[in-house]
Each structure stands twice: as structure tokens, then as C-alpha cells.
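Colleague: I'd like to ask you about the structure that follows.
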Amino acid sequence: MKINLILINSIIPSLISCAATSVNENLPNDFARVLPVAETSPVLSRGDSADDSVIWINKENVNNSLIIGTDKNAGIEVYRLDGMRVQTLTLGRLNNVDLRVLPDDPSWSAIAAASNRTTKTISLFAIGHDGNVNWLSDSEINTGLSDPYGLCMFASTIGIQIFVNDRDGRYQQWLISRSTVSSVEQKYPSFSSKLLREFTVSSGPEGCVVDDLEERLFVGLEEEGVRYVDTDYQEPAELVSIADIDGEILAADVEGLTLYIKDSAGYLVVSSQGNNSYAIYDRMPPFTYRGSFIVGPDLKAQIDGTQETDGISISSELRTREFPEGILVVQDGINTMPQERQNFKYVSWESISQAIDF
11 MKINLILINS IIPSLISCAA TSVNENLPND FARVLPVAET SPVLSRGDSA DDSVIWINKE
71 NVNNSLIIGT DKNAGIEVYR LDGMRVQTLT LGRLNNVDLR VLPDDPSWSA IAAASNRTTK
131 TISLFAIGHD GNVNWLSDSE INTGLSDPYG LCMFASTIGI QIFVNDRDGR YQQWLISRST
191 VSSVEQKYPS FSSKLLREFT VSSGPEGCVV DDLEERLFVG LEEEGVRYVD TDYQEPAELV
251 SIADIDGEIL AADVEGLTLY IKDSAGYLVV SSQGNNSYAI YDRMPPFTYR GSFIVGPDLK
311 AQIDGTQETD GISISSELRT REFPEGILVV QDGINTMPQE RQNFKYVSWE SISQAIDF
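Numbered by this note's numbering, the letters in the sequence shown go through residues 11 to 368 in order.
The following block contains the structure:
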């Protein structure tokens, strides 16, 4: 949650470049610096609008993969790997988004979910094999939450699950199931939902991410740090600490969480909004801290760095010439080169692994 959004329109254009290079000057000296490879078109809404993203992989041609981002004042925007917007769905104040693959489905590649603060629901989307995103209007999940906020998905042994939280600290765990009866005109799939578990965390929750293989839910608490919970809905939700806010590695607010998974190893990446940085921990216990990095400006390419980040997402599967080891997508809260509405930056994971020397 941003509490000090800079009014970009008040910045003198001639100072933008200077501001972009000095915004992280108070960070510890051992924080690595990486550069963005590309950036998306600005979101259509003004103000604090861009928030979260998820990466859809095109199995036929990875270069045609897409980034699905939320405009939390309007809905969904879909971008190519060159950053161009190719689709917009205006559905309300969608905050967080995630997806899971539908294996061996002849018609649909994946199912996506987003927290909808306008309708206080979870909105579901079917993604075609061509990447087209389709809203499943008859599959809305009524949460009963006052302000659905953070959201993440889980491919479990009993089916696809969704975790969603509320600003008041409540967490819900839902199971969705494919209905035998399709929706309007039999054109799109339809899903039913069942609430499996509800629990409460001690302070304002933010982003979350699930390690499907380890059945572990990682949760971000804005003013506390990072915790994890077992995904077993039949067990009490006991929060286990991974990292606390210390003002150096993690500075409030803790925002987005994402996983880089490679074989049996991998990393948890955390957006530390208070110091415009990203902390990396081992994905497996004891969750060793590996280092932090910032995304600085590429002055030659005229792409600014990232500041006041909300959501982040990673794919280790998306491997192209520009992203040989995977891609990190970062929401940019202050888009300055040129002065524009918020957007998302793309970063090569290779540059991160080299900068921190895993």
C-alpha cells in the first residue's frame, strides 16, 4: 500500500533523470543493481493504478507469451513481451492476479483469478491456447470480504485452490471445480467454488504466493515481514516466520511475493516497498537470505528503474534470447522516463543471478 505517492506532475521535467538515479541512494552498499530489459505501455488509469501481474507461457512459441497485469482502478491489461498492450478487460478494481495451467485441456490453456474490490468477489478467467483472456461472468466467487486484496493460486492434489485476503487480516482458502454445465451458449467453461478454510493474520496482509510442490503458502504482512502457512486446509493455520521487517533488508511495506523455481531448488523474492528493493531468500528451509537488488534506470534505452513496487511475478519457464534464465515482472509505482502513468518493467533473471552471484 502506497502512503507517499509522489505527484509526478509536480516534478520539473529537467530533474527527472537526476531523480531516477538518486532515489535509491540511501540503500546499503551491498545491494546489487540490475537494469530493465523492456517496459509495458502505461496502464490506462491515472494515479496509483498498476498493481500485480502474472506470466502466461505460450507452449507453442515462448516468444508469444504474455503478461497479464491489473489496473486496480479498471480491470485487466494484457501485454506482449515487447511491452505492447494487446487486450483490455474493464471489470472493476482488480487488485491481485494469478493463474494455473489446465493440463491436457484441448480448448483452454489456463485458469486465472483476480481479487475484485468493486464486487467483493474473486473473478475467474479462462485463457485460450492463443493467450486470449476471457472473463467467466457466471463463475464469480462471492467472498463476503469487505475488501478483497491479496490473492494467489495453488494447484493441489484435489484441484485448483485460491487464497484471498482482506485488509482486516482475514484469509480465505477456496477450491474451484469445473462444472459439467458450461456457461452462456456453451462457449466458456464454468467453475463452482467451495470455501475450505478461513483464518486471520495479525496485521494487514498484502501479496502471497504458493509453492505447489512443497504445499507452502508464503504471505506478506505489510508492517511485520514474511511468513508461511501449510496449505493443508484440514489443519490450523500456524504462521511461521521467515523474515521480519528490519528497516534495512525489508522496509515497510512488504508487498509482492513471487517464486523462482528451478528443479528442486529456487528462490523467494519479496518486494520491499519502503526502500525500493527486492530481497531474495532460499525457497526451502531455513530460507537463507541471499541478497537484495534494485532495478535502476537504463539511461541508454531510456527506461527508468522501479520505485514503490506493489506486485512482482517470475517465470523460470519463459526463456528467450532476452530472458535466457527467465523473467521478472515488476510493477513501477513512479514511471519517469518519460513522465507517464504507472506500468510494469521486465527484468532478465540472468542479470539478477549474475549481480548477486548465486
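For glycine and all other residues, C-beta sits at the position ideal for the given N, C-alpha and C.
All values derive from a computational prediction rather than experimental measurement.
Along the chain, which unbroken stretches of the beta strand (DSSP E) at least 3 residues long are found entirely within the region 128 to 184?
Modeller: Here the runs fully enclosed are 131 to 138, 143 to 145, 158 to 166 and 169 to 176.
Colleague: By the DSSP assignment, the alpha helix (DSSP H) with isoleucine 65 in it spans what residues?
Modeller: Along the sequence shown, read from residue 1 onward, the residue named residue 65 stands at position 55. Unbroken run through isoleucine 65 is the beta strand (DSSP E), 60 to 66; no alpha helix (DSSP H).
Colleague: Are at least three pairs of beta-carbons, each pair with one atom in the region 72 to 90 and one in the region 135 to 150, less than 8 Å apart?
Modeller: Verdict: yes, contact present.
Colleague: Beta strand (DSSP E) containing alanine 253: first to last residue?
Modeller: Counting from 1 along the sequence shown, the entry for residue 253 is found at position 243. Taken as a continuous stretch (DSSP letters only), the beta strand (DSSP E) holding alanine 253 covers 250 to 254.
Colleague: Reducing DSSP to helix, strand and coil, say where glutamate 360 ends up.
Modeller: On the sequence shown, residue 360 is found 350 positions in, with the first residue counted as 1. It is helical.
Colleague: Just curious, the beta strand (DSSP E) that leucine 269 is in, first and last residue?
Modeller: The sequence position of residue 269 within the sequence shown is 259, counting from 1. It spans 264 to 272 - the beta strand (DSSP E) in which leucine 269 sits, taken as one unbroken run.
Colleague: When DSSP labels each residue in this structure, what does valine 72 get in the three-state scheme?
Modeller: By 1-based counting over the sequence shown, the position of residue 72 is 62. Of the three classes helix, strand and coil, the one that applies to valine 72 here is helix, per DSSP.
Colleague: Which same chain residues end up closer than 8 Å to phenylalanine 201 when comparing Cβ atoms and leaving out the 5 residues on each side of it in sequence?
Modeller: Sequence index remark: in the sequence shown, residue 201 carries index 191 (1-based). Excluding residues within five positions, the ones whose Cβ falls inside 8 Å are Ile121, Leu134, Leu146, Ser149, Ile186, Ser187, Arg188 and Ser189.
Colleague: Should glycine 154 be labelled buried (16 or more other beta-carbon atoms within 10 Å of its own) or exposed?
Modeller: To locate residue 154, count along the sequence shown from 1; it is residue 144. With fewer than 16 other Cβ atoms within 10 Å, it is exposed.
Colleague: Figure out for me which residue from Pro46, Ser51 and Asp40 has the closest Cα to the Cα of glutamine 352.
Modeller: Residue mapping note: residue 352 aligns to position 342 of the sequence shown, counting from 1. Selected option, being the one with the closest Cα: Ser51.
Colleague: Taking its Cβ as the centre, do 16 or more other Cβ atoms sit within 10 Å of isoleucine 168, making it buried, or is it exposed?
Modeller: Residue numbering aside, residue 168 sits at position 158 when the sequence shown is read from its first letter. Its Cβ having fewer than 16 others within 10 Å, isoleucine 168 is exposed.
Colleague: To the nearest angstrom, how far is it from the Cα of isoleucine 252 to the Cα of leucine 101?
Modeller: Here the question's residue 252 lines up with position 242 in the sequence shown. Here the question's residue 101 lines up with position 91 in the sequence shown. So the two alpha carbons sit approximately 35 Å from each other.
Colleague: In angstroms with no decimal places, state the Cα-to-Cα distance between serine 325 and valine 47.
Modeller: Mapped onto the sequence shown, residue 325 falls at position 315. Mapped onto the sequence shown, residue 47 falls at position 37. Computed Cα separation, rounded: 15 Å.
Colleague: Beta-carbon separation of valine 211 and glycine 179 under 8 Å?
Modeller: Locating residue 211 in the sequence shown gives position 201, counting from the first residue. Locating residue 179 in the sequence shown gives position 169, counting from the first residue. Yes, Cβ-Cβ distance for valine 211 and glycine 179 is below 8 Å.
Colleague: Can you tell me whether leucine 309 is buried or exposed, with buried defined as 16 or more other CB within 10 angstroms of its CB?
Modeller: Position 299 of the sequence shown holds residue 309. When all chains shown are included, leucine 309 counts as exposed.
Colleague: Would the beta-carbon of serine 59 be found less than 7 Å away from any heavy atom of the ligand ADP?
Modeller: The ligand ADP is absent from the structure shown, which contains no ligands of any kind.
Colleague: Taking three-plus beta-carbon pairs below 8 Å as touching, is the region 309 to 322 in contact with the region 237 to 250?
Modeller: No, the region 309 to 322 is not in contact with the region 237 to 250.
Colleague: Determine whether the beta carbon atoms of glutamate 335 and glutamate 318 lie at a separation below 8 Å.
Modeller: Position 325 of the sequence shown, counting from 1, holds the residue named residue 335. Position 308 of the sequence shown, counting from 1, holds the residue named residue 318. In this structure, glutamate 318 does not lie closer than 8 Å to glutamate 335 by Cβ.
Colleague: Are the region 220 to 238 and the region 121 to 130 touching, with three or more C-beta to C-beta distances below 8 Å?
Modeller: The region 220 to 238 vs the region 121 to 130: no contact.
Colleague: What are the boundary residues of the beta strand (DSSP E) that includes aspartate 240?
Modeller: Reading the sequence shown from its first residue, position 230 is the one you call residue 240. It spans 235 to 240 - the beta strand (DSSP E) in which aspartate 240 sits, taken as one unbroken run.
Colleague: Counting only beta-carbon separations shorter than 8 Å, does lysine 272 have a partner in chain C?
Modeller: Among the protein chains of the structure shown there is no chain C, as only one such chain exists.
Colleague: What does a CB cutoff of less than 7 Å around isoleucine 366 pick up in its chain, not counting 5 residues either side in sequence?
Modeller: As a first step, residue 366 must be located in the sequence shown, where it is residue number 356. Ala42, Ile290, Arg300, Gly301 and Phe303, listed in sequence order.
Colleague: Report the option in Thr330, Arg226 and Gly343 whose CA atom is closest to the CA atom of arginine 56.
Modeller: As a working mapping, residue 56 is identified with position 46 in the sequence shown. Measuring from the Cα of arginine 56, the nearest candidate turns out to be Gly343.
Colleague: Around the C-beta of asparagine 152, are 16 or more other C-beta atoms found within 10 angstroms, so that it is buried, or is it exposed?
Modeller: As a working note, residue 152 is residue 142 in the sequence shown. Classification of asparagine 152: exposed, given that the 10 Å Cβ count is below 16.
Colleague: Along the chain, where does the beta strand (DSSP E) that runs through glutamate 216 open and close?
Modeller: Translated into the one-based positions of the sequence shown, residue 216 becomes position 206. Counting along the chain, the beta strand (DSSP E) containing glutamate 216 begins and ends at 215 to 221.
Colleague: Whole angstroms are fine: how far does the CA of serine 166 sit from the CA of isoleucine 8?
Modeller: Outside the shown range of the chain (11 to 368) lies residue 8, about which nothing can therefore be said.
Colleague: Spatial neighbours of tryptophan 3 within its chain, please: CB distance less than 7 Å, with the 5 preceding and 5 following residues excluded, ordered by chain position.
Modeller: Residue 3 cannot be examined here, being either before or after the span of the chain that is shown, 11 to 368.
Colleague: So is alanine 275 buried or exposed if we call it buried at 16+ other beta carbons inside 10 Å?
Modeller: In the sequence shown, counting from the first residue as 1, residue 275 sits at position 265. Classification for alanine 275: exposed.
Colleague: Which of the three DSSP states, helix, strand or coil, is assigned to alanine 275?
Modeller: Position 265 of the sequence shown, counting from 1, holds the residue named residue 275. Correct three-state label for alanine 275: strand.
Colleague: Here's the rule I'm using: 16 or more other beta-carbon atoms within 10 Å means buried, otherwise exposed. How should serine 358 be labelled?
Modeller: The sequence position of residue 358 within the sequence shown is 348, counting from 1. So serine 358 counts as buried.
Colleague: Check glutamine 283 in the structure and name its three-state DSSP category.
Modeller: Sequence index remark: in the sequence shown, residue 283 carries index 273 (1-based). Helix at glutamine 283.
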